[in-house]
Amino acid sequence: MIATLLGQAWHAMGANKMRTFLTMLGMVIGVAAVVLMTAIGQGAQLAVADSISSMGANLFIVLSGSTTSSGVRAGGGNAPTLTVADADAIAELPGVAAVAPLHPGSGQVVYGSNNWNTSIYGITPAYLEVRSWSLAEGVPISDSDVRSATRVCLLGRTVVQNLFGNEDPVGKTLRIRSSPFVVIGVLAAKGQSLDGRDQDDTILVPLTTAQRQLFGVSFQGSVRLINVQAESPEAMDGVERDMTALLRQRHRIRENQDNDFFIRNLTAVADSAAETTRVMSLLLGAIASVSLLVGGIGIMNIMLVSVTERTREIGIRMAIGAREQDILLQFLLEAIIISVVGCCIGLALGVGGALLANILTKTAVVISGSSVLVAFGVAAAVGIFFGFYPARKAARLDPIEALRYQ
Amino acid sequence: MPSSVIAVRGLKKSYSTPAGDFPALKGVDLDIDAGEFVAIMGPSGSGKSTFMNLLGCLDRPSAGEYILDGRPVSAMDKDDLARVRGRLIGFVFQGFNLLPRFSLEDNVALPLVYANVERETRRARAREMLDKVGLGRYAASMPNRISGGQQQRVAIARALVNRPRLILADEPTGNLDTQTSEEILALFETLHREGITIVLVTHEPDIAAHAQRLVRFRDGLIVHDGGHVPEDHAEPAR
Numbered sequence: 160m161i162a163t164l165l166g167q168a169w170h171a172m173g174a175n176k177m178r179t180f181l182t183m184l185g186m187v188i189g190v191a192a193v194v195l196m197t198a199i200g201q202g203a204q205l206a207v208a209d210s211i212s213s214m215g216a217n218l219f220i221v222l223s224g225s226t227t228s229s230g231v232r233a234g235g236g237n238a239p240t241l242t243v244a245d246a247d248a249i250a251e252l253p254g255v256a257a258v259a260p261l262h263p264g265s266g267q268v269v270y271g272s273n274n275w276n277t278s279i280y281g282i283t284p285a286y287l288e289v290r291s292w293s294l295a296e297g298v299p300i301s302d303s304d305v306r307s308a309t310r311v312c313l314l315g316r317t318v319v320q321n322l323f324g325n326e327d328p329v330g331k332t333l334r335i336r337s338s339p340f341v342v343i344g345v346l347a348a349k350g351q352s353l354d355g356r357d358q359d360d361t362i363l364v365p366l367t368t369a370q371r372q373l374f375g376v377s378f379q380g381s382v383r384l385i386n387v388q389a390e391s392p393e394a395m396d397g398v399e400r401d402m403t404a405l406l407r408q409r410h411r412i413r414e415n416q417d418n419d420f421f422i423r424n425l426t427a428v429a430d431s432a433a434e435t436t437r438v439m440s441l442l443l444g445a446i447a448s449v450s451l452l453v454g455g456i457g458i459m460n461i462m463l464v465s466v467t468e469r470t471r472e473i474g475i476r477m478a479i480g481a482r483e484q485d486i487l488l489q490f491l492l493e494a495i496i497i498s499v500v501g502c503c504i505g506l507a508l509g510v511g512g513a514l515l516a517n518i519l520t521k522t523a524v525v526i527s528g529s530s531v532l533v534a535f536g537v538a539a540a541v542g543i544f545f546g547f548y549p550a551r552k553a554a555r556l557d558p559i560e561a562l563r564y565q
Numbered sequence: 015m016p017s018s019v020i021a022v023r024g025l026k027k028s029y030s031t032p033a034g035d036f037p038a039l040k041g042v043d044l045d046i047d048a049g050e051f052v053a054i055m056g057p058s059g060s061g062k063s064t065f066m067n068l069l070g071c072l073d074r075p076s077a078g079e080y081i082l083d084g085r086p087v088s089a090m091d092k093d094d095l096a097r098v099r100g101r102l103i104g105f106v107f108q109g110f111n112l113l114p115r116f117s118l119e120d121n122v123a124l125p126l127v128y129a130n131v132e133r134e135t136r137r138a139r140a141r142e143m144l145d146k147v148g149l150g151r152y153a154a155s156m157p158n159r160i161s162g163g164q165q166q167r168v169a170i171a172r173a174l175v176n177r178p179r180l181i182l183a184d185e186p187t188g189n190l191d192t193q194t195s196e197e198i199l200a201l202f203e204t205l206h207r208e209g210i211t212i213v214l215v216t217h218e219p220d221i222a223a224h225a226q227r228l229v230r231f232r233d234g235l236i237v238h239d240g241g242h243v244p245e246d247h248a249e250p251a252r
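So the protein lines, in turn, are chains A and B. First residue of the first sequence: 160, per our numbering; consecutive thereafter. First residue of the second sequence: 15, per our numbering; consecutive thereafter.
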């Protein structure tokens, strides 16, 4: 019976190919839009999640305070208020996973006939762990390098490209601010940070080397900033509170005085970026859903026209024994076929479009099985929902009236 | 007692109009036995169409009783009525009413779809019926490829396919020329000889003359029920 009805529905749709095609097109565009927009939205969320994890999870940056000379304030990180000893003290706090004091600067780097200006970070071995940064080749900076202030360095990918080209830099000697340094490793590519900085345009050297030989410090052991990683997102509030109290105490700051350091919570920045993309992907989905709804209304419209046009046919069918439910099923089936077939084509187009966008524009896309399933389910539901009213209208026709209809 | 296919007692039907209830049938009694060939005549508005709709189970009476093949139709719900239409009654309409996009065979087989008959049986029965009305070789044709008379023969084949107890024909020759009408009536007479009960509505006395029995309606009542057509009551063809 169902097979026969399917055949008849197919027949009826084939009788008006152009109309069936246009009705289906509404569903096709709706579903394709939902799939494509969801893929792009989820892709954007994934990209943000990636760049957040590349920054390091649960991260604080403690900056030294600003200096004021002749009324000109120099901004955070300029006053020599933080020390390696501060970092060691923070490491003792509960909830702190790792601490990496950092002494940044910049300078001209020369290798052979090439030179390049880049940022140079003096680090301790914990830094790579805190930033979840791995080495592409070579060995990391060790504690003994830091203790004896050796002239070794790790190069970021961009620096390698600009100084060495295709040459393997490990084991070579380059000059940083005229001092010779041996390259002991190359960092894995990390890409852009959330604010668009090239994180690979960096050279890492031992902290002590940076302090004593490259940039100099106001006093022994002073650092410009400290990376602090908390054990978990939940621990972050406590760590921030304890850290503030600890540093105020260590720096002997009185009750009514301002801090001589700044604490930045990088996760808060990341969260707001993630929230932005989440809202964007919701918005995309919502707009796409509207087109799906419009497609559904198109189906309803055409089914209503079809019922009116075929009133006489309905009358004949009733006269030769069709029950209300037979007529209902017949028209409902047509609506469902249109929406399901339209949905399949739309899925193919949406997935194809997403892959094409990925290839052409390098936009990150995520095609998840769940979003495809949801699109399919919604399309089928739209077909049933918008097909039901016209089908019921057909089934409720009075056979006498229907037979008399011209 | 001869088996009565149709037994109607005090059948009434009124339609509500803005001007109040309009009685289309005012109490009709009629028995039609198995194998009879009955013609129903009457002017427009006489109630004969209403009566045919009730006989065909397309409508339910306001009052009175209708027993079709021993079953009280008046008490049935919509689904039962649909089942009765499909299995006990075969309709033949003035306008043929074939489905335009279906082949003749599919048209003839359609009642069997609603009667849940298997596909192969449907095909075989439809072929058999088309052969019976002399159109077997056109089984795969579309309705618009054949003449009006042939279409009406297909419609008769469709009416017969479920082996109904009763054929209801509503002006079956109204759209046909005289010669084709004669052919269709010859077909009805053949069916009549095979023992099928036929009720035929017509305006034309010479069509009605083919029937054994004439029932004449006027103003919602039967005014004549007899074996032949009285010439003095013959009305002009429309």
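Quick reminder that beta carbons are idealized off the backbone N, C-alpha and C, glycines included.
Identity of the residue in 542(A), 464(A) and 451(A) nearest residue 495(A) by Cα: 542(A)
Output needed for residue 347(A): all residues of its chain with C-beta closer than 6 Å, excluding positions within five of it in sequence on either side, in chain order. 293 and 295
Where residue 96(B) and residue 527(A) are concerned, what is the direct C-alpha to C-alpha distance, given to the nearest angstrom? 48 Å
What residues in the segment 474-485 of chain A bring their beta carbon closer than 9 Å to a beta carbon of chain B? 474, 475, 476, 477, 478, 479, 480, 481, 482, 483, 484 and 485
Between the alpha carbons of residue 27(B) and residue 40(B), how many angstroms are there, rounded? 7 Å
Just grab the DSSP bridge partners of residue 275(A) for me. 268(A)
Return yes when the Cβ of residue 54(B) is within less than 8 Å of the Cβ of residue 231(B), no when it is not. yes
Residue 125(B) CB to nearest chain A CB: under 8 Å? yes
If we ignore side chains and look at the alpha-carbon of each, how far apart do residue 420(A) and residue 376(A) end up? 17 Å
So residue 495(A) is in the beta strand (DSSP E); what residue range does that whole segment cover? No beta strand (DSSP E) holds residue 495(A); the alpha helix (DSSP H) holding it covers 483-520.
Tell me whether residue 532(A) is buried or exposed, calling it buried when 16 or more other Cβ atoms sit within 10 Å of its Cβ. exposed
With a threshold of 8 Å on Cβ separation, who are the neighbours of residue 478(A) within its own chain once the five nearest residues in sequence on each side are excluded? 558 and 562
How far does the beta strand (DSSP E) with residue 218(A) in it reach, from first residue to last? 218-223
With residue 477(A) as the anchor, note down where its alpha helix (DSSP H) starts and where it stops. 470-478
Run of the alpha helix (DSSP H) containing residue 215(B), from where it starts to where it stops: Premise fails: residue 215(B) lies in the beta strand (DSSP E), 211-215, not in any alpha helix (DSSP H).
Could you name each continuous alpha helix (DSSP H) segment of 4 residues or more that falls completely within the segment 85-162 of chain B, going from the start of the chain to the end? 92-101, 118-128 and 133-146
If we count Cβ pairs, one from each stretch, closer than 8 Å, do we get three or more for the segment 118-132 of chain B versus the segment 166-178 of chain B? yes
Nearest-angstrom Cβ-Cβ length linking residue 506(A) and residue 539(A), presumed shorter than 8 Å: Residue 506(A) to residue 539(A), Cβ: 12 Å. No contact.
Which residues in chain B sit within 8 Å of residue 163(A), going by Cβ to Cβ distance? 127 and 133
Could you check which residue in 88(B), 70(B), 63(B) and 199(B) has the C-alpha nearest to that of residue 24(B)? 88(B)
Given residue 250(B), which residues of its chain have a CB within under 8 Å of its CB, disregarding the five upstream and five downstream residues? Residue placement at residue 250(B) is poorly supported in this model, since its pLDDT is 47, which falls under 50; the coordinates still yield a value, given next. So no residue of the chain qualifies.
Using 8 Å as the Cβ pair cut-off and three pairs as the minimum, do the segment 309-317 of chain A and the segment 363-371 of chain A touch? yes
By Cβ distance below 8 Å, which residues in the same chain neighbour residue 329(A) in space, the five residues on each side in sequence not counted? 296, 297, 342, 343, 344 and 345
Rounded to whole angstroms, what's the CA-CA distance from residue 81(B) to residue 165(B)? Just pull it up for me. 32 Å
Tell whether a beta-carbon distance below 8 Å holds between residue 261(A) and residue 282(A). yes
Proximity to residue 351(A) [Cα-Cα], best of 211(A), 190(A), 545(A) and 183(A): 211(A)
Nearest-angstrom Cα distance between residue 70(B) and residue 99(B)? 7 Å
I'd like to confirm the pairing. Which residues does DSSP put opposite residue 424(A) in its beta bridges? 219(A)
Under 8 Å between C-beta atoms of residue 50(B) and residue 108(B): no
What are the start and end residues of the beta strand (DSSP E) that includes residue 61(B)? That residue, residue 61(B), is in no beta strand (DSSP E); it is neither H nor E in DSSP.
Compute the Euclidean distance between the alpha carbons of residue 498(A) and residue 209(B), then round it to the nearest angstrom. 50 Å
Just mark residue 381(A) as buried or exposed, buried being the case when its beta carbon has 16 or more other beta carbons within 10 Å. buried
Residue 84(B): which of 128(B), 47(B), 151(B) and 224(B) sits nearest, CA to CA? 47(B)
If the cut is a Cβ gap below 9 Å, which residues of chain B does residue 174(A) touch? 114 and 115
Paired residues, beta bridge with residue 55(B) - DSSP: 230(B)
Please name the residue, chosen from 56(B), 129(B), 142(B) and 33(B), that lies closest to residue 118(B) on a Cα-to-Cα basis. 142(B)
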